[in-house]
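A.B. asks:
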Amino acid sequence: MYALVDCNNFYVSCERLFNPQWEKKPVIVLSNNDGCAVARSEEAKAIGIKMGAPEFMIKDMIREHGIVVRSSNYTLYGDISGRVMRTLSTFVPRIELYSIDEAFLDLHDMPHYDLQQLALKIKRVVGQCVGIPVSIGVAPTKTLAKMANRYAKKNMRDIGVFYPQTEEQMYAMLQFTAVEDIWGVGGQYAAMLRSNGFNTAADLRNAPDDWIRQHMTVVGERLLSELRGIAAIEWEFETPKKKNICTSRSFGKLLTEKKDIREALSTYASRCAEKLRKQDSCCKTVHVFLHTNGFRTQDKQYSVAIDIKVERATNDTGTIVKYASKALDIIFKEGFNYVKCGCIVMDLVPADCIQNTLFGSNDNTKRKKLMKAVDGINKATGVKDTVRMAVQGFSKVYAMRCDYLSKRFTTNINEIKLIK
DNA sequence: TCTGGGGTCCTAGGACCC
DNA sequence: TCTGGGGTCCTAGGACCC
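Convert by adding 11 to the 1-based position in the first sequence; the result is the number in my numbering.
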């Protein structure tokens, strides 16, 4: 059996943790750059704030209803997430971290009759120890556990837990779940399924295998199996290493100057290098992209990307920043209002088996030590660019907007909550 | 004025090989 | 009129997730 534990309106719940006066009030959290609403309290949903609604388009609603608005504070959410996950780990032998606010728990060795009680207990303890409300779904496959979780949220709000134990309960859940609300079915497949008469998970469960195979490939085949209670999606207990690592941001304002974009890009490239070192990988390709704002129809548009193969797989900040900078020199064109750029490091290989180059010095012991020192200092200060490449600069003209940012209550000594 | 960021998997089709 | 068979590797694009 699987349990899927999902934190309710996670970012909003994190914000409320340190501002309990926002309980029962409509609260939303915005995406980077204060762009769109990405988390909404139940009250905000009730008012009609849609997922992904651009902030500037819901200004009136925000004012009228006195909605509390927050900028994204990933430092805070990441720390609270860690606390939730550690608490969950105390209940079961194995846990799969699925996202910042979700985890699958392995219940296979738990006494079968007790699972409902166990789920209730987990929910209660997470509430007591961390203060974050969660919902829990229990079922024989991951897809059904996700579905049970959603059912708990929608239909059993006060209990917050759902474990379909009879055929009738299972059928009620499948019947209740529209195809577009199934994990793994997005907008495209949902439209295709509905136009062929499959409207709910109950319909889909009975779909002919070969038809599904033909229209939804092997992904659909697995989905069908999962709906029928036979697990087709495996556990992933240890987080696999990333195959690509991307750092990109929209700029806080439109940029036209190459030097400003270079500062931004260098910062993103150096962040990529850090992430590489964190998972002990090196990259063989640096990919850089840059584009204008497609929403601004009055502007000339330009969107461009380039791959650069590196001579020798690397995770050295200076080297990756240099390649990214070279890429920018190739793709940048004067005369455009740029809105976003990013760096993606690709073709990752383990750091301990790097192919040396035939010519030139392959001894980079000093650079490795330097990077280790840089990472150490930046970690100790809690500020990622305490030590940075000169080219990253100090102007920060590209910096994101975040007008409603909370303190980093749990990770920065200068920002802890004052009681009195 | 103002519209997020970071990933994965799968397939079809082209390039290339013998 | 008629133009082989079989295989691998790579990439772009589409679908999905949070």
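We put the beta carbon where it would ideally sit given N, CA and C, even for glycine. Since the model is a prediction, treat every value here as computed from it, not as a measurement.
Please state whether the Cβ-Cβ distance between I319 and V297 is less than 8 Å.
C.D. replies: Position 308 of the first sequence, counting from 1, holds the residue named residue 319. Position 286 of the first sequence, counting from 1, holds the residue named residue 297. Yes, they are a contact pair.
A.B. asks: Could you name the residues of the same chain whose beta carbon sits closer than 6 Å to that of L442, not counting the 5 residues immediately before and after it, in chain order?
C.D. replies: Nothing in the structure corresponds to residue 442, since the chain is present only between 12 and 431.
A.B. asks: Could you give the distance in angstroms between the alpha-carbon of R506 and the alpha-carbon of A163?
C.D. replies: The question about residue 506 has no answer, for the chain in this structure spans 12 to 431.
A.B. asks: Take G142 and list the residues in its own chain whose beta-carbon comes closer than 7 Å to its own, dropping the five residues that flank it on each side.
C.D. replies: By 1-based counting over the first sequence, the position of residue 142 is 131. Only L28 meet the Cβ criterion.
A.B. asks: Does the structure place the region 353 to 365 close enough to the region 287 to 307 that three or more beta carbon pairs sit under 8 Å?
C.D. replies: Using a Cβ-Cβ distance cut-off of 8 Å, the region 287 to 307 and the region 353 to 365 are in contact, since at least three pairs of beta carbons, one from each stretch, lie closer than that value.
A.B. asks: By DSSP, does E268 sit in helix, in strand, or in coil?
C.D. replies: Here residue 268 refers to the residue found at position 257 when the first sequence is read from its first residue. Coil, per DSSP.
A.B. asks: Does the distance from the C-beta atom of E237 to that of R224 stay below 8 Å?
C.D. replies: Mapped onto the first sequence, residue 237 falls at position 226. Mapped onto the first sequence, residue 224 falls at position 213. No, these two residues do not count as a Cβ contact at 8 Å.
A.B. asks: Quick one: is P37 buried, meaning 16 or more other Cβ sit within 10 Å of its Cβ, or exposed?
C.D. replies: If you number the first sequence from 1, residue 37 lands on position 26. P37 comes out buried.
A.B. asks: Is it true that the CB of Y22 sits closer than 8 Å to the CB of V49?
C.D. replies: In the first sequence, residue 49 corresponds to position 38, counting from 1. In the first sequence, residue 22 corresponds to position 11, counting from 1. Against a cut-off of 8 Å, the Cβ pair of Y22 and V49 comes out as a contact.
A.B. asks: Look up D192 in the DSSP assignment and say whether it is helix, strand or coil.
C.D. replies: Numbered from its first residue, the first sequence carries residue 192 at position 181. Helix, per DSSP.
A.B. asks: Between V40 and R81, is the Cβ-Cβ spacing less than 8 Å?
C.D. replies: Indexing the first sequence from 1 puts residue 40 at position 29. Indexing the first sequence from 1 puts residue 81 at position 70. Cβ atoms of V40 and R81: closer than 8 Å.
A.B. asks: Rank K344, A324, G404 and A391 by C-alpha distance to the C-alpha of N367 and give the top, closest one.
C.D. replies: Here residue 367 refers to the residue found at position 356 when the first sequence is read from its first residue. The shortest Cα separation from N367 among K344, A324, G404 and A391 belongs to A324.
A.B. asks: Could you tell me which residues DSSP puts in a beta bridge with V356?
C.D. replies: Here residue 356 refers to the residue found at position 345 of the first sequence. I256 and V297.
A.B. asks: What residue range is occupied by the uninterrupted alpha helix (DSSP H) comprising C140?
C.D. replies: Translated into positions along the first sequence, residue 140 becomes position 129. Residues L126 to C140.
A.B. asks: Measure the beta-carbon distance from E274 to Y409 and round it to whole angstroms, keeping in mind my assumption that it falls under 8 Å.
C.D. replies: By one-based count along the first sequence, residue 274 stands at place 263. By one-based count along the first sequence, residue 409 stands at place 398. Yes, they are in contact, since the Cβ atoms of E274 and Y409 sit about 6 Å apart, within 8 Å.
A.B. asks: Name the DSSP beta bridge partners of T211, please?
C.D. replies: On the first sequence, residue 211 is found 200 positions in, with the first residue counted as 1. Per DSSP, A189.
A.B. asks: Between which two residues does the alpha helix (DSSP H) harbouring E75 extend?
C.D. replies: The count along the first sequence starts at 1 and reaches residue 75 at position 64. Run containing E75: K70 to H76, per the alpha helix (DSSP H) assignment.
A.B. asks: Kindly confirm or deny that the region 52 to 59 and the region 380 to 392 touch, where touching means at least three C-beta pairs closer than 8 Å.
C.D. replies: no
A.B. asks: For D120, which three-state DSSP category applies?
C.D. replies: The sequence position of residue 120 within the first sequence is 109, counting from 1. Note: D120 maps to coil in three-state DSSP.
A.B. asks: Whose C-beta lies closer than 6 Å to the C-beta of Q186 among residues of the same chain, with five residues either side of it excluded?
C.D. replies: Reading the first sequence from its first residue, position 175 is the one you call residue 186. Answer for Q186: T211 and A213, listed in chain order.
A.B. asks: Looking at the structure shown, is K351 part of a helix, part of a strand, or coil, going by DSSP?
C.D. replies: Your numbering for residue 351 matches position 340 in the first sequence. DSSP places K351 in strand when its eight states are reduced to three.
A.B. asks: Where are the alpha helix (DSSP H) runs, 4 residues long or more, that stay fully inside the region 352 to 430, in chain order?
C.D. replies: 376 to 392
A.B. asks: Using the DSSP secondary-structure output, state which residues sit across from K320 in a beta bridge.
C.D. replies: By 1-based counting over the first sequence, the position of residue 320 is 309. Residue pairing for K320: DSSP places it in a beta bridge opposite T296.
A.B. asks: With G148 as the anchor, note down where its beta strand (DSSP E) starts and where it stops.
C.D. replies: On the first sequence, residue 148 is found 137 positions in, with the first residue counted as 1. Its beta strand (DSSP E) spans residues V145 to A150.
A.B. asks: Express the C-alpha separation of R307 and M121 in angstroms, rounding to a whole number.
C.D. replies: Taking the first sequence and counting its residues from 1, one reaches residue 121 at position 110. Taking the first sequence and counting its residues from 1, one reaches residue 307 at position 296. The alpha-carbon atoms of M121 and R307 are separated by roughly 56 Å.
A.B. asks: Could you tell me the distance, in whole angstroms, from the CA atom of C47 to the CA atom of D374?
C.D. replies: Along the first sequence, read from residue 1 onward, the residue named residue 47 stands at position 36. Along the first sequence, read from residue 1 onward, the residue named residue 374 stands at position 363. Going from the Cα of C47 to the Cα of D374 covers about 47 Å.
A.B. asks: Is I60 helix, strand or coil when you go by DSSP?
C.D. replies: Within the first sequence, the letter at position 49 stands for residue 60. For I60, the three-state secondary structure derived from DSSP is coil.
A.B. asks: Go through the region 75 to 99 residue by residue and report every complete run of the beta strand (DSSP E) that reaches 3 residues or more, in order.
C.D. replies: DSSP runs (the beta strand (DSSP E)) wholly in the region 75 to 99: 79 to 81.
A.B. asks: Could you tell me the distance, in whole angstroms, from the CA atom of I241 to the CA atom of W194?
C.D. replies: The residue labelled residue 241 in the question sits at position 230 within the first sequence. The residue labelled residue 194 in the question sits at position 183 within the first sequence. When rounded, the distance between both Cα atoms is 15 Å.
A.B. asks: Between R282 and T258, is the Cβ-Cβ spacing less than 8 Å?
C.D. replies: Indexing the first sequence from 1 puts residue 282 at position 271. Indexing the first sequence from 1 puts residue 258 at position 247. The answer is yes: Cβ separation under 8 Å.
A.B. asks: Going by the beta-carbon positions, is the gap between L235 and D220 smaller than 8 Å?
C.D. replies: For the purposes of this step, residue 235 is taken as the residue at position 224 of the first sequence. For the purposes of this step, residue 220 is taken as the residue at position 209 of the first sequence. Yes, the Cβ-Cβ distance between L235 and D220 is below 8 Å.
A.B. asks: At a cut-off of 7 Å, would you count T258 as near the ligand FAD, judging by its Cβ distance to the nearest heavy atom?
C.D. replies: Because no ligand of any kind appears in the structure shown, any question about the ligand FAD cannot be addressed here.
A.B. asks: Within its chain, find whatever has a CB closer than 6 Å to the CB of V196; leave out the 5 residues flanking it on each side and keep chain order.
C.D. replies: Counting from one through the first sequence, the residue named residue 196 turns up at place 185. Excluding positions up to five away in sequence, the list reads V190.
A.B. asks: Hey, could you find the ends of the alpha helix (DSSP H) Y200 is sitting in?
C.D. replies: Numbered from 1 along the first sequence, position 189 holds the residue referred to as residue 200. It spans G198 to S206 - the alpha helix (DSSP H) in which Y200 sits, taken as one unbroken run.
A.B. asks: Using the Cα positions of N326 and Y109, report the straight-line distance between them to the nearest angstrom.
C.D. replies: Residue numbering aside, residue 326 sits at position 315 when the first sequence is read from its first letter. Residue numbering aside, residue 109 sits at position 98 when the first sequence is read from its first letter. Rounded to whole angstroms, N326 to Y109 spans 26 Å at the Cα level.
A.B. asks: Go ahead and pull the three-state DSSP assignment for R239.
C.D. replies: Mapped onto the first sequence, residue 239 falls at position 228. It is coil, neither helix nor strand.
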